[in-house]
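Heads up: the sequence shown runs through residues 0 to 311, numbered per numbering that gives the first Met the number 0. Note that CB positions come from ideal geometry on N, CA and C, so glycine has one too. Each remark here refers to the structure printed beneath this line.
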Amino acid sequence: MSQADAAPTGPADQDTSAEPTQTAVPDGRPGAASDTVRPDTRSRTFALLGSEIGLVFRRWRTWAMLGALALVPILIAVAVRVSSRGSDGGPAFLSDITNNGLFVGFTALTVSIPLFLPLTIGVVSGDTVAGEASLGTLRYLLVAPSGRLRLILVKFAGATVFAVAACLVIVLVGAVIGAILFPIGPVTLLSGTQVDGWSYVGRALLLVAYVAMSMLGLSAIGLFISTLTSVPVGAMAATVVLAGASQIADALPQLDWLHPYLFSHLWLGFGDLLRFPISFDSFGQNALLQLAYVVVFGAFAYARFASKDILS
């Protein structure tokens, strides 16, 4: 009896006693914990992203800005329609509107890039973190738990979705008002080649992607500035001012050495998308430029936010 009750000391006895542990806890392998955590992590991330996008588009301010952007193609189309000097003065493509209403969206997008789009992007990106801090909800977001890196990524994603929506509104409203006020037909590209309306729709979507991508660098800068203050108006104003300063610097020939590094340098470089065949050279260059700003200022934003004391 004493031998049977004694604790096992041999190697074989130790291996046998270890087997029930492995069988009872099959998820004790190294990858099992991550297998059970990842779905929950992904669900929290998507829930947070959906909440952020819903927050952006539930605000009256957002719809007011989208409405203002929608007015740009409407005003252009109406002005060209009622004008008796449709081909006198102004950019050459204004006269093309009278021949084809599909040019309204392209014209409105070109007009909006220097001022209206940076203004709205600056408002949204500057409000990302500073707005939560001013409302006193930032601490609760981190307690959720959201994680500071995840919160930064979700805030940037929300600003990106708004940029895409803003560009789509301009192009779609331009196409609708152009079809109402002007004839619709084959579109003559910048290379002189004519394409049908459906081919131009594909190019218009590429224009939307190009312009929305052009705003990513500015969104990252606004996100970083938003982590520096709890006053959203200050972050918005600083972001918009930097957008204007970049364009002014890009227009000065004395700073031609700096031009390729400015985030606004290729904002109007989408002409290759309106040629036949399509060239994606400017698209790729702009993507690399914006990616560099997103990486650098995204890292700055996280570094600042990760070490920031959240008091509200």
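- Under the 10 Å beta carbon count, Val186 is surrounded by 16 or more other beta carbons and is classified as buried.
- In this structure the region 192-200 does not lie against the region 147-160, because fewer than three pairs of beta carbons, one per stretch, are closer than 8 Å.
- By the criterion of a C-beta distance shorter than 6 Å, Ala237 is surrounded in its chain by Ile224, once the five residues flanking it on both sides are discounted.
- When the alpha-carbon of Leu47 is set against those of Leu148, Ala67, Gly177, Ser124, the nearest one is in Leu148.
- Counting along the chain, Val128 sits inside no alpha helix (DSSP H), nor does DSSP assign it H or E at all.
- Straight-line spacing of the CA atoms in Val240 and Leu116 works out to 13 Å.
- The C-beta distance from Ile183 to Leu114 rounds to 29 Å, too long to fall under 8 Å, and the pair is not in contact.
- Bounds of the alpha helix (DSSP H) holding Asp249 are 231-250.
- When beta bridges are read from the DSSP output, Gln193 appears opposite Thr187.
- Counting along the chain, the unbroken alpha helix (DSSP H) around Phe304 starts and ends at 280-305.
- Gly146 sits in coil when the DSSP states are folded into three classes, being neither helix nor strand.
- In this structure, DSSP gives Ile73 a helical state, which the three-state scheme calls helix.
- Rounded to the nearest angstrom, the Cβ distance from Leu68 to Ser111 is 6 Å, consistent with a contact under 8 Å.
- The Cβ-Cβ distance between Leu222 and Ser124 falls below 8 Å.
- Ala78 has its alpha-carbon roughly 15 Å from the corresponding atom of Val172.
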